[in-house]
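Student: This is the structure, below, for whatever I ask next.
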DNA sequence: TCAATATTTTAGAACGATTCTAAGGAGTTG
DNA sequence: CAACTCCTTAGAATCGTTCTAAAATATTGA
Ligand SMILES: [Mn+2]
Ligand SMILES: [Mn+2]
Ligand SMILES: [Zn+2]
Ligand SMILES: [Zn+2]
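Residue numbers (our numbering), protein chains in the order written: chain B, 1 to 145; chain D, 146 to 290.
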């Protein structure tokens with residue numbers, strides 16, 4: 001799940017189309033453009049607005065509504081996950097595995113915390129009638145000085 | 146009995162007025178009403194909307210804008226802290242010490258996890274030029290069944 | 001291939017939480 | 001009380017996001 005190089009090399013349009021089909025999504029021009037931006041290279045943390053700008057920058061023409069639709073469809077298909085670290089905007093993460101985040105508050109950027117080295121001990125059992133869906137750690141960072 | 150109770154209540158109010166003065170905030174009717182709701186009993190996690198409803202329920206009459214203003218003033222004074230667990234609304238926490246949270250996603254409720262019991266190991270050093278402002282753990286819970 | 005059908009895209013309106021504006025109200029000081 | 005400063009508030013504005021419904025596109029199968 002973390003062989004970045006071979007993933008980048010093998011992230012061809014055909015794979016993307018297969019990925020979309022497997023998710024029950026038609027491989028439209030818009031979804032392919034967004035899929036390339038999201039899945040072609042290394043892992044990304046994007047907002048809808050920023051992904052829309054990326055698409056525009058690359059010459060793809062699609063509406064912001066489509067970016068929102070697509071991000072949610074990808075999330076429902078398990079291709080993305082949401083990360084909530086800021087009340088103003090929602091981040092979408094191409095890394096769907098178990099991991100945690102640094103959040104650079106002044107720049108509004110997310111970064112994965114490398115490795116599975118993070119261990120959390122001493123968590124109490126969840127209250128009766130509930131179960132843990134996910135444990136999230138966010139390390140909020142500020143610039144020094 | 147009754148005199149004990151009213152003494153306790155007025156002692157609380159005196160504390161509250163002192164607390165506001167120490168924060169450089171005039172003890173207005175609105176701030177005292179909200180301060181009572183927030184600080185009189187046990188720790189609370191509230192949204193602006195919910196605190197406004199609480200105030201209305203208790204007979205205090207103030208605008209939602211004032212609730213927002215007051216929550217931010219209290220936060221800037223270190224009397225509250227913000228907790229971000231939901232993209233839709235902001236929670237304010239009367240517990241300003243180091244601690245973590247259960248989040249009951251389907252009910253939109255927060256509960257404290259005492260900070261002393263939770264240990265986080267294996268966090269990497271923050272990137273150069275940054276420092277940790279806070280480490281937050283959120284345990285997202287869903288109802289079983 | 002080519003219509004019939006199902007899904008997708010999109011512009012623009014709507015929404016909901018939050019913030020802003022600016023004018024009147026209230027706390028403080030002497 | 002007067003003078004001053006700070007506070008409250010209704011309503012407008014903002015902003016990220018969702019909704020609507022009509023036009024566009026993908027898929028199916030004859
Ligand atoms: Mn972004
Ligand atoms: Mn609440
Ligand atoms: Zn991530
Ligand atoms: Zn708390």
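By construction, the Cβ of each residue, glycine as well, lies at the ideal position given by its N, Cα and C atoms.
#1: Listed from N- to C-terminal order along the chain, which residues in the segment 265 to 285 of chain D have their beta-carbon within a distance smaller than 9 Å of any beta-carbon of chain B?
#2: Since residue 284 of chain D contacts residue 248 of chain D with CB under 8 Å, what's their CB separation in whole angstroms?
#3: Would you tell me roughly how many angstroms separate the C-alpha atoms of residue 259 of chain D and residue 121 of chain B, rounded to the nearest one?
#4: Would you verify that the beta carbon of residue 85 of chain B is, or is not, closer than 8 Å to some beta carbon of chain D?
#5: Can you tell me whether residue 254 of chain D is buried or exposed, with buried defined as 16 or more other CB within 10 angstroms of its CB?
#6: Can you find a C-beta in chain D that's less than 8 Å from the C-beta of residue 150 of chain B?
#7: Along chain D, which residues have their Cβ under 7 Å away from the Cβ of residue 114 of chain B?
#8: On a Cα-Cα basis, can you pick out the residue from D/280, D/276, D/219 that is closest to residue 164 of chain D?
#9: Alpha carbon to alpha carbon, what distance is there between residue 268 of chain D and residue 216 of chain D?
#10: Kindly provide the chain-ordered list of residues whose Cβ lies closer than 7 Å to any non-hydrogen atom of ligand 3.
#11: Is the distance from the Cβ of residue 196 of chain D to the Cβ of residue 180 of chain D below 8 Å?
#12: Tell me, to the nearest whole angstrom, how far the beta carbon of residue 289 of chain D is from that of residue 131 of chain B; I am working on the premise that it is less than 8 Å.
#13: For residue 117 of chain B, which option in B/101, B/127, B/126 has the closest C-alpha, if you only look at C-alpha atoms?
#14: Looking at residue 232 of chain D: is its Cβ nearer than 8 Å to the Cβ of residue 84 of chain B?
#15: Considering Cα atoms alone, identify which of D/239, D/158, D/170 is closest to residue 192 of chain D.
#16: How about residue 262 of chain D: is its C-beta nearer than 8 Å to some C-beta of chain B?
Tutor: Let's see:
#1: Within the segment 265 to 285 of chain D, the residues whose Cβ lies closer than 9 Å to some Cβ of chain B are 265, 266, 267, 268, 269, 271, 272, 273, 274, 275, 276, 277, 278, 279, 280, 281, 282, 283, 284, 285, listed in chain order.
#2: Rounded, the Cβ-Cβ distance is 7 Å, consistent with contact.
#3: One C-alpha to the other measures close to 12 Å.
#4: yes
#5: exposed
#6: Here chain B comprises residues numbered 1 to 145, so residue 150 of chain B is not present and cannot be evaluated.
#7: Correct list: 269.
#8: D/219
#9: 32 Å
#10: Here the residues come out as B/43, B/45, B/83, B/93, B/95, B/99, B/101, B/110, B/112.
#11: no
#12: 5 Å
#13: B/101
#14: yes
#15: D/239
#16: It does; some Cβ of chain B falls within 8 Å.
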